[in-house]
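Protein chains in written order, with UniProt numbering: chain D, 1 to 348; chain Y, 1 to 398.
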């Protein structure tokens with residue numbers, strides 16, 4: 001019998017959990033397929049099959065699911081992320097994602113595996129979060145638990161590197177677990193600091209190096225197509241980019257504990273904690289809030305950050321992304337923002 | 001002989017060309033409506049410049065281009081500085097009005113707010129999603145009412161009564177206008193209502209919770225509209241200054257920036273000269289089908305020679321122009337496409353590594369916390385496994 005294949009859409013929380021999933025599936029010896037990078041074709045397909053008012057990250061994942069279906073995978077791995085902390089959920093679109101997909105895409109050939117993720121922390125490696133997966137592939141509980149543990153500690157190593165200042169971008173193009181393992185070991189043993197912490201040579205001519213915190217969800221900040229490659233654009237302009245994934249959990253927790261009441265959405269809280277940390281940091285020159293048009297949770301977060309940025313006298317800008325293909329609007333805003341920060345620095 | 005610096009602003013509604021001398025004095029000024037062919041209009045503008053100025057009197061030392069069409073015209077002219085319009089506007093107005101605190105700029109397609117402290121811009125905002133509250137909105141309504149846009153502002157001042165019109169959205173504004181007209185409000189009153197709606201919209205979208213400080217400068221094409229100026233003054237309860245050359249401030253600013261760049265880097269201008277007015281320019285685009293992005297690649301051709309290629313996300317076509325060798329282009333493309341992070345790290349920097357302590361990560365503590373969490377998790381898991389197993393399975397849907 002042919003070995004059944006399982007596809008992972010390269011969208012939404014893929015950027016957060018992909019080392020975990022790659023390791024898990026390789027331990028379970030499953031044939032894994034990852035959808036292509038987001039592209040115009042892929043997004044076009046997603047847009048056609050989604051509700052028109054929904055935010056662009058959801059349109060992107062619909063495109064990725066269609067892409068996997070065209071690759072003839074047998075199963076699509078699409079967990080229903082419900083909670084990563086007691087009494088805090090994810091955005092409702094994550095909660096309803098598997099239903100939304102099964103209703104928007106009735107002619108999908110592949111079967112969707114939608115385990116519900118109910119974890120108490122970002123570590124999602126509990127067996128009960130993977131029962132459907134185990135059942136589908138007839139994996140004994142013992143074996144599943146062993147694989148989950150291995151995947152979890154592998155993911156933890158990756159996370160520690162992020163906390164040290166590596167960007168998710170430094171890893172996220174890798175699809176093969178062997179290469180990822182090698183790269184992680186290499187970074188762990190490297191004496192060189194990650195790029196977010198070192199002076200870049202090639203940008204010296206463009207003036208002083210700037211430190212900008214780019215606050216946004218992983219699927220907006222690290223999807224190079226949808227954000228028009230903002231990280232590399234910033235790097236080219238002589239900016240060290242800092243993202244929420246670099247702020248360690250305790251930093252986020254500390255900031256969150258100061259809120260009278262945290263928000264309902266897990267990742268919005270994480271962004272808030274990291275953003276507050278950056279707002280208070282003298283080394284950070286400015287903050288960019290990268291948000292998808294129509295994002296509900298961000299309508300709260302954006303307002304809070306705008307008010308707080310004023311309080312800490314940090315330059316702040318909101319950058320909205322949607323389905324545009326023209327780059328001029330994003331370039332104009334980034335350029336003006338950087339000019340402003342440079343002028344401010346020169347003046348000092 | 002004078003040294004002149006050209007500033008060109010390619011906006012969505014107008015195209016402006018100016019020239020300043022070493023002392024930033026305006027020597028030439030041209031404001032034209034953008035009818036959709038920027039290259040031809042710029043060529044015409046340059047011909048006008050050539051005819052008006054005595055060639056023995058001046059030398060072009062630098063060229064700057066700004067506005068939403070800056071990239072293309074930057075290639076055509078061989079500009080020294082190509083920069084966004086926010087920086088350009090801020091530069092010009094802080095030069096003319098060093099005491100400025102707030103700059104309102106309303107152009108054809110977007111509106112901007114720039115906050116200035118001690119002569120430098122410290123904050124800005126730009127309309128994000130919609131063009132209600134910009135020049136195009138007014139243009140559209142003027143056309144509806146059958147009034148030339150030039151008379152639009154003056155008419156608002158003749159209004160006797162106040163009427164409220166929704167400003168959030170062009171469609172709502174229109175339906176409001178029609179119904180108010182049917183109630184018997186005059187055109188002047190409707191226009192005043194519209195002007196107030198535009199300013200309200202601007203305040204809601206851009207100013208938000210910012211505290212504005214004087215002097216207040218109002219520039220951009222819409223600043224010619226005295227009705228809007230009056231509405232602004234009423235809203236902020238203070239005088240609003242419209243600079244003399246309000247409609248070409250972006251062009252003046254970019255010329256100043258070009259001058260600064262030329263002086264700072266001590267370089268010759270890369271301006272392609274006035275001969276370019278006799279060249280035939282052509283832009284053609286094609287869809288590159290080499291990957292799933294299907295980029296719309298735009299080629300700028302001058303007298304049969306390709307001078308610029310733009311619009312490709314991977315940079316392959318743009319690179320092909322520089323190296324003029326298709327193999328090199330293909331190489332650079334492949335490199336980018338297969339970029340393995342392993343390579344990415346390959347000695348990008350050999351500079352002195354400066355330790356910046358941004359993240360305090362106590363790995364030991366982190367580990368301890370994780371360990372504790374894990375133990376807790378395992379305990380709970382065991383509990384779950386034993387007692388709640390059935391319930392748990394019931395709980396999982398789809």
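For glycine and all other residues, C-beta sits at the position ideal for the given N, C-alpha and C.
With distances taken between CB atoms, is the gap from residue i to residue j smaller than 7 Å?
i: residue 33 of chain Y; j: residue 12 of chain Y; result: no
i: residue 311 of chain Y; j: residue 298 of chain Y; result: yes
i: residue 19 of chain Y; j: residue 41 of chain Y; result: no
i: residue 228 of chain D; j: residue 330 of chain D; result: yes
i: residue 134 of chain D; j: residue 144 of chain D; result: yes
i: residue 196 of chain Y; j: residue 221 of chain Y; result: no
i: residue 219 of chain D; j: residue 12 of chain D; result: yes
i: residue 244 of chain D; j: residue 280 of chain D; result: no
i: residue 106 of chain Y; j: residue 67 of chain Y; result: no
i: residue 15 of chain D; j: residue 168 of chain D; result: yes
i: residue 249 of chain Y; j: residue 92 of chain Y; result: yes
i: residue 223 of chain Y; j: residue 207 of chain Y; result: no
i: residue 290 of chain D; j: residue 343 of chain D; result: no
i: residue 134 of chain Y; j: residue 110 of chain Y; result: yes
i: residue 285 of chain Y; j: residue 62 of chain Y; result: no
i: residue 80 of chain Y; j: residue 275 of chain Y; result: no
Can you list, in chain order, the residues of its chain with a C-beta nearer than 8 Å to that of residue i? Leave out the 5 residues immediately preceding and following it.
i: residue 379 of chain D; result: In the structure as shown, chain D begins at 1 and stops at 348. Residue 379 of chain D is therefore absent and cannot be evaluated.
i: residue 293 of chain D; result: 55, 56, 320, 321, 322
i: residue 276 of chain D; result: 255, 258, 308
If you drop the 5 nearest sequence neighbours on each side, which residues of the same chain put their C-beta closer than 6 Å to that of residue i?
i: residue 273 of chain D; result: 252, 255, 256
i: residue 166 of chain Y; result: 172, 173, 176
i: residue 300 of chain Y; result: 75, 283, 307, 308
i: residue 84 of chain D; result: 119, 122, 266
i: residue 357 of chain Y; result: At residue 357 of chain Y the pLDDT is 39, less than 50, meaning the model places this residue with poor confidence and gives no usable figure here.
i: residue 279 of chain Y; result: 302, 303
i: residue 325 of chain Y; result: Because residue 325 of chain Y sits at a pLDDT of 40, beneath the cut-off of 50, its placement in the model cannot be relied upon, and the point is left open.
i: residue 20 of chain D; result: 151, 155
Tell me the rounded alpha-carbon separation between residue i and residue j.
i: residue 304 of chain Y; j: residue 282 of chain Y; result: 8 Å
i: residue 229 of chain Y; j: residue 188 of chain Y; result: 15 Å
i: residue 311 of chain D; j: residue 115 of chain Y; result: 16 Å
i: residue 58 of chain D; j: residue 254 of chain Y; result: 40 Å
i: residue 153 of chain D; j: residue 371 of chain Y; result: 11 Å
i: residue 282 of chain D; j: residue 125 of chain D; result: 37 Å
i: residue 298 of chain D; j: residue 327 of chain D; result: 22 Å
i: residue 408 of chain Y; j: residue 37 of chain Y; result: No statement about residue 408 of chain Y is possible, as the shown extent of chain Y runs from 1 to 398 and does not include it.
i: residue 142 of chain D; j: residue 250 of chain D; result: 32 Å
i: residue 198 of chain Y; j: residue 235 of chain Y; result: 11 Å
i: residue 267 of chain Y; j: residue 208 of chain D; result: 21 Å
i: residue 315 of chain Y; j: residue 149 of chain Y; result: 42 Å
i: residue 2 of chain Y; j: residue 35 of chain Y; result: 32 Å
i: residue 205 of chain Y; j: residue 163 of chain Y; result: 21 Å
Check the C-beta distance from residue i over to residue j and give it rounded, since I have them as a contact under 8 Å.
i: residue 107 of chain D; j: residue 62 of chain D; result: Between residue 62 of chain D and residue 107 of chain D the Cβ distance is about 13 Å, and since that is not below 8 Å, they are no contact.
i: residue 77 of chain Y; j: residue 65 of chain Y; result: 6 Å
i: residue 223 of chain D; j: residue 60 of chain D; result: 7 Å
i: residue 7 of chain D; j: residue 73 of chain D; result: 4 Å
i: residue 217 of chain Y; j: residue 100 of chain Y; result: 5 Å
i: residue 334 of chain D; j: residue 234 of chain D; result: 7 Å
i: residue 23 of chain Y; j: residue 102 of chain Y; result: The Cβ separation is near 27 Å, so there is no contact.
i: residue 9 of chain D; j: residue 68 of chain D; result: 6 Å
i: residue 3 of chain D; j: residue 75 of chain D; result: Actually they are not in contact, since the Cβ atoms of residue 3 of chain D and residue 75 of chain D sit about 12 Å apart, beyond 8 Å.
Taking 7 Å as the limit between beta carbons, can you name the residues of its chain near residue i, skipping five residues before and five after?
i: residue 341 of chain D; result: 210, 285, 286, 315
i: residue 349 of chain D; result: The question about residue 349 of chain D has no answer, for chain D in this structure spans 1 to 348.
i: residue 233 of chain Y; result: 239, 240
i: residue 70 of chain Y; result: 10, 82
i: residue 278 of chain D; result: 213, 242, 284, 287
i: residue 18 of chain D; result: 172
i: residue 157 of chain Y; result: 226, 227, 230
i: residue 84 of chain Y; result: 66
Any idea if residue i is buried or exposed, counting beta-carbon neighbours within 10 angstroms, 16 or more meaning buried?
i: residue 51 of chain D; result: exposed
i: residue 197 of chain D; result: buried
i: residue 98 of chain D; result: buried
i: residue 183 of chain Y; result: exposed
i: residue 244 of chain Y; result: exposed
i: residue 201 of chain Y; result: buried
i: residue 303 of chain D; result: exposed
i: residue 339 of chain D; result: buried
How would you list, in chain order, the residues of chain A whose beta-carbon sits under 8 Å from the beta-carbon of residue i?
i: residue 315 of chain D; result: Chain labels in this structure do not include chain A; the protein chains are D and Y.
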